[in-house]
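Chains as they are written, first to last, in the working numbering: chain A, 3 to 116; chain B, 8 to 118.
Notes follow once the structure below has been shown.
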């Protein structure tokens with residue numbers, strides 16, 4: 003089974019802090035994704051990466067950046083955290099580019115920015 | 008941007024009841040439709056990936072159908088059990104990377 007590990011389950015940060023959310027996978031999947039989940043909204047894509055050092059903006063990239071220096075690790079960076087970035091963040095991976103390949107999710111990081 | 012809608016938003020059923028949910032998505036540029044089960048404090052787990060019009064998939068007591076021409080998918084649970092309590096998400100995509108998720112159906116199965 004694919005294991006997708008997010009470094010923290012709960013995180014509390016102050017406004018203006020630089021925040022790093024880490025995601026590590028153990029199955030050599032090429033593709034990695036960062037989503038956020040807010041009440042009343044579906045999961046929204048922040049960034050994705052299809053290879054080492056490659057990244058693409060999702061639907062809501064503003065205020066975020068990402069880093070993929072190694073295939074197994076995908077980091078989400080909040081350069082200067084704001085209260086509207088309080089949310090549940092989910093990392094996901096996907097094998098290859100086939101239509102039948104599902105997403106594999108981590109457990110999520112619930113971030114609170116005060 | 009695709010718009011994916013799920014109904015109902017939530018429902019409570021008795022143990023042993025059968026139930027079904029709907030996922031509606033734009034039928035143009037369809038590529039794949041995913042169903043996930045998300046239990047509290049766990050990670051979303053893939054149930055089905057469906058790609059062909061008329062697809063029917065089954066996993067134990069859970070099954071799903073797909074109509075890409077009219078843009079809907081049904082998820083059925085036969086003989087609901089308390090362990091089926093979860094949020095069920097569907098996601099549609101027109102390509103490899105960008106999935107549009109619905110807001111989910113929250114199911115509570117009462118013992």
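Quick reminder that beta carbons are idealized off the backbone N, C-alpha and C, glycines included.
Among the options, which one has its Cα closest to the Cα of residue i?
i, options, result
"residue 44(B)", "118(B), 106(B), 102(B) and 98(B)", "98(B)"
"residue 104(A)", "82(B), 53(B) and 61(B)", "53(B)"
"residue 14(B)", "56(B), 58(B), 46(B) and 79(B)", "79(B)"
"residue 33(B)", "112(B), 70(B) and 108(B)", "108(B)"
"residue 83(A)", "37(A), 58(A) and 21(A)", "21(A)"
"residue 81(B)", "49(B), 112(B) and 38(B)", "112(B)"
"residue 9(A)", "98(A), 93(A) and 60(A)", "93(A)"
"residue 70(A)", "53(A), 62(A), 102(A) and 99(A)", "53(A)"
"residue 48(B)", "46(A), 91(A) and 99(A)", "91(A)"
"residue 76(A)", "11(A), 15(A) and 56(A)", "56(A)"
"residue 46(B)", "94(B), 116(B) and 26(B)", "94(B)"
Just to confirm before moving on: does the CB-CB distance between residue i and residue j stay below 7 Å?
i, j, result
"residue 88(A)", "residue 111(A)", "no"
"residue 101(B)", "residue 60(B)", "no"
"residue 31(A)", "residue 97(A)", "yes"
Tell me the DSSP bridge mates of residue i?
i, result
"residue 20(B)", "116(B)"
"residue 106(A)", "95(A)"
I want to verify the contact list: residues of chain A whose CB lies under 8 Å from the CB of residue i, in sequence order.
i, result
"residue 33(B)", "Ordered by position in chain A, no residue passes the 8 Å Cβ test against residue 33(B), which lies about 14 Å from the chain."
"residue 56(B)", "101, 102, 103 and 104"
"residue 47(B)", "The premise fails here: residue 47(B) is roughly 11 Å from chain A at the closest Cβ pair, so nothing lies under 8 Å."
Using the beta-carbon of each residue, which ones in chain B are nearer than 9 Å to residue i?
i, result
"residue 52(A)", "103 and 104"
What are the boundary residues of the beta strand (DSSP E) that includes residue i?
i, result
"residue 40(B)", "39–45"
"residue 90(B)", "Where residue 90(B) is concerned, there is no enclosing beta strand (DSSP E), given that its DSSP letter is neither H nor E."
"residue 29(A)", "Residue 29(A) -> no beta strand (DSSP E), and no H or E assigned at all."
"residue 45(A)", "Neither: residue 45(A) is in no beta strand (DSSP E) and is coded neither H nor E."
"residue 112(A)", "111–115"
"residue 59(A)", "56–59"
Find the residues of chain A that neighbour residue i, judging by a C-beta separation of less than 7 Å, and give them in chain order.
i, result
"residue 38(B)", "101"
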